[in-house]
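Okay, so here's the structure we're looking at.
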Amino acid sequence: MMSLHDDRWKPRLLECEIPASNPKSLQISKPKKVNLRPHFLLLKFAFLPGFKYPVAKTGLPLWMLGLDADRLRADLNRLLAFLFHQGILDEQYLQLQQLQDESSPNFVSEVVNIYFHESEKLLRNLRSLLMDREFSDYDKMGIHLNQFIGSSSSIGAKRVRNVCVAFRAASDQNNRAGCLRALELLEHEYCILKNKLHELFQIEQQRLLAAGVRYPMLN
Amino acid sequence: MAPTLPSGDQASDQDNWDNGRLARKRQLLTEIVLRNRLTALVVDGDTTCRVLEQLLLRSYGVQTQGVDNGRDAVALIASGVKFNLIIIDMILPVLNGLEATRQIRDMGVHCKMLGVTACSGESERQAFLAAGVDVFIEKPLDPEHLVPILRELDGQ
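Going down the list, the protein sequences come from chains A and B.
Heads up: the first sequence is residues 19 to 237, going by the working numbering.
Heads up: the second sequence is residues 69 to 224, going by the working numbering.
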């Protein structure tokens, strides 16, 4: 059984135990090649007096903004690779992504937001139980932890799940000090997970916006 | 050597990867077509798990209903609603999963019951099977366990 003092709890680069993910499941599929020839042809006339060419606020032609989508896709893949490599997420997260489609394009972020909402309630309950000087209801704590383990497993939050398992072990032994240490660690790991997933969703949103301007409306 | 995950700069190498396990899971997720209209009841006190389990079932075309405690599950079955499959968590508010399973079986319900739980000990497994579930699964519910059950229910 892993002790809470075990160095293995310290964040470190983990060997990737996850089998090589099908890259297509991690990668966002490349957008179709866009025929930029018409845009280049229009550039011939761009220097004629009075010629109006759609430009963004930056002054760049709108079609050039689409190149950001590729950069953002690379950023997204790098972040996902990092999260897997660090053990913050596991392959269950990929299963979540596979359930997302055109009919439910925000499915993953919606489910994760449900998870955040429920998890924060659980963390408050756990802290409230442990802060009570008269606390002795380890069964109730065990129920909260089972719920946290189940939901974390379901979205692929591997490190949070592992901390909850150690927390539950301390609770099963009625070890209050151990539970307090575990709670600190759990809050820390949860914070990391939440920040990283928010970052992931932000990049995804930016990528979708950038991909959306690849096809400018021309007069 | 275990293959490593791609960085964003190695996009061109990814088509050369071979991941048997994840490819198999993806296959399971996408390659089942149910001939019959199946229905399932998901009983889970945790919203995240319940939503995900229902969505996973719906992705296979299973019509689902969800309740968040054992008492409501028993009441729903007692009202005469029939399901091909019941997925039930062990730890539930109001009425726990073990007792809810016993009461459902005592009503003469013989549909497939899948017990899911975050507790994976042998004693929990034995207790849940003794209460009346047919299959015991540690969370998360995944296609590897679910698809063979759906195929069996569909008569494939």
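C-beta: ideal position from N, C-alpha, C; glycine also.
Element boundaries [alpha helix (DSSP H), containing residue i]
i       : result
M181(B) : M181(B) -> not in any alpha helix (DSSP H); beta strand (DSSP E) instead, spanning 180-185.
Q110(A) : 109-116
A198(B) : 190-199
L160(B) : Element bounds for L160(B): n/a, residue is neither H nor E.
L123(B) : 115-127
D210(B) : D210(B) -> no alpha helix (DSSP H), and no H or E assigned at all.
G138(B) : 138-146
Listed by chain order, chain A residues near residue i by CB distance under 7 Å
i       : result
L120(B) : V129, S172
L123(B) : L117
I159(B) : I161, N164
S127(B) : L117
Beta-carbon separation (whole angstroms), residue i vs residue j, contact threshold 8 Å
i       : j       : result
M111(B) : R139(B) : Per the sequence presented here, residue 111(B) reads as Val, with Met not at that position. With a Cβ gap of about 10 Å, V111(B) and R139(B) do not count as contacting.
Q165(A) : D222(B) : Rounded, the Cβ-Cβ distance is 32 Å, inconsistent with contact.
S170(A) : R179(A) : 4 Å
C187(B) : F151(B) : Not confirmed; about 24 Å, so no contact.
M181(B) : G200(B) : 6 Å
K158(A) : L147(A) : 7 Å
A141(B) : V135(B) : 5 Å
Q185(B) : M158(B) : A small fix is needed here, since residue 185(B) is Thr in this sequence, not Gln. Yes, T185(B) and M158(B) are in contact; Cβ-Cβ is about 4 Å, under 8 Å.
L201(A) : F185(A) : 7 Å
I145(B) : V177(B) : 6 Å
V130(A) : L215(A) : 6 Å
C182(A) : I167(A) : 5 Å
E183(B) : I205(B) : A small correction: the amino acid at residue 183(B) is Gly; Glu does not occupy that position in the sequence shown. With a Cβ gap of about 7 Å, G183(B) and I205(B) count as contacting.
A228(A) : A87(A)  : 4 Å
L209(B) : I156(B) : Going by Cβ atoms, the distance from L209(B) to I156(B) rounds to 11 Å, so no, they are not a contact pair.
Residue i, enclosing beta strand (DSSP E) - first and last residue
i       : result
I156(B) : 153-157
I205(B) : 203-206
Q133(B) : 131-135
L109(B) : 107-111
DSSP three-state assignment for residue i, whether helix, strand or coil
i       : result
L102(B) : coil
A228(A) : helix
G168(A) : helix
F153(A) : coil
V183(A) : helix
L166(B) : helix
F219(A) : helix
D93(A)  : helix
D174(B) : helix
S122(A) : strand
V215(B) : helix
E220(B) : helix
Interface partners of residue i on chain B, CB under 8 Å
i       : result
Q110(A) : P208, D210
E152(A) : Under the 8 Å cutoff, chain B gives no residues; its nearest Cβ is about 23 Å from E152(A).
E207(A) : Here the premise fails: no neighbours, minimum Cβ distance about 17 Å.
Contact set between residue i and chain B, taken where Cβ atoms lie within less than 7 Å
i       : result
G168(A) : D114, C117, A186, K207
Y133(A) : T116
E136(A) : D114, T115, T116
Q224(A) : Near Q224(A) there are no residues of chain B at all, since even the closest Cβ is about 14 Å away, more than 7 Å.
Residue i: contacting residues in chain A (beta-carbon distance under 8 Å)
i       : result
S191(B) : Here the premise fails: no neighbours, minimum Cβ distance about 13 Å.
Chain-ordered neighbours of residue i on chain B, where CB pairs are closer than 9 Å
i       : result
Q104(A) : Correct list: empty, because the minimum Cβ distance to chain B is about 11 Å.
Q191(A) : The premise fails here: Q191(A) is roughly 15 Å from chain B at the closest Cβ pair, so nothing lies under 9 Å.
For the 8 Å Cβ check, are there 3 or more pairs between the region 174-187 of chain A and the region 111-122 of chain A?
yes
When you compare the region 222-231 of chain A with the region 134-147 of chain A, are there three or more beta-carbon pairs, one atom per stretch, that lie closer than 8 Å?
no
At least three beta-carbon pairs within less than 8 Å, the region 186-198 of chain B to the region 84-100 of chain A:
no
The region 125-134 of chain B / the region 101-110 of chain B touching (three or more Cβ pairs under 8 Å)
yes
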